[in-house]
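Chemist: So that you can map any letter, position 42 of the sequence shown is 42 in full-length UniProt numbering, and since no number is skipped, the others follow by simple counting.
Encoded as structure tokens, here's the structure I'll be asking about.
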Amino acid sequence: MLTAWAIARCLLDAGVTPQAVSLLWGQAAEISEALIAAPEIHKVSRIGSTRVGRITAAAAGPALRKSTTEPGGHGPVIVAADAVAEPLCLGAARNALWRRNGQRLLRRGRYRGPAILFHGDARAGTHP
């Protein structure tokens, strides 16, 4: 939770309007149920287990909410332009090999950043 708070703080410090930044603390199931039921919500997007995807779709359906789920998805890694590529690639390899290979959403499968950082073999396995 401290990471989420730090990201929200950075967004606000960078000038993002407070109305565009929301950070909710509490039980995910209770928060999700309340948000999906709220008439102000027009679309629901979730990354989580297949079970969470089914629950989200079931809750969004009766309310006719559009929903996008990524069951079993992997957290994205955002790479800054000034990142040092070698430690990044080493960390990515360690993460892929030893961090439960996707269970509990610990493995990182999507890297986003400047193309200059992704070259040679590192780029071969990526999608455009």
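We put the beta carbon where it would ideally sit given N, CA and C, even for glycine.
Since the model is a prediction, treat every value here as computed from it, not as a measurement.
Which residues in the same chain have their Cβ closer than 7 Å to the Cβ of Ala34, if we skip the five residues on either side of it in sequence?
Modeler: Around Ala34: no qualifying Cβ.
Chemist: Tell me whether residue 131 sits in a helix, a strand or coil according to DSSP, three-state version.
Modeler: For the chain, the structure presents residues 1 to 128; residue 131 sits outside this window and is missing.
Chemist: Given a cut-off of 8 Å, decide if Ile47 and Glu30 are closer than it, judged by their beta-carbon atoms.
Modeler: Cβ atoms of Glu30 and Ile47: not closer than 8 Å.
Chemist: Based on the DSSP output, what are the partners of Thr69 in its beta bridges?
Modeler: Answer is Arg46.
Chemist: Could you check how far apart the C-beta atoms of Ala63 and Ala28 are, in whole angstroms? I think they sit under 8 Å.
Modeler: Contact flag wrong, Cβ pair sits at about 18 Å.
Chemist: Closer than 8 Å by C-beta to Lys43: which residues in its own chain qualify, once you throw out the five before and the five after it? Chain order, please.
Modeler: If we look at Lys43 and ignore the five residues flanking it on each side, its Cβ neighbours are Arg65, Lys66, Ser67, Thr68.
Chemist: Would you tell me roughly how many angstroms separate the C-alpha atoms of Ala20 and Leu11, rounded to the nearest one?
Modeler: Roughly 9 Å between the two C-alpha positions.
Chemist: Can you tell me the Cβ-Cβ gap for Ala8 and Leu23, rounded? I've got them flagged as a contact below 8 Å.
Modeler: That belief holds up - the Cβ atoms of Ala8 and Leu23 are roughly 4 Å apart, short of 8 Å.
Chemist: Where Ile41 and Ile55 are concerned, what is the direct C-alpha to C-alpha distance, given to the nearest angstrom?
Modeler: If I take the Cα positions, the gap works out to 17 Å.
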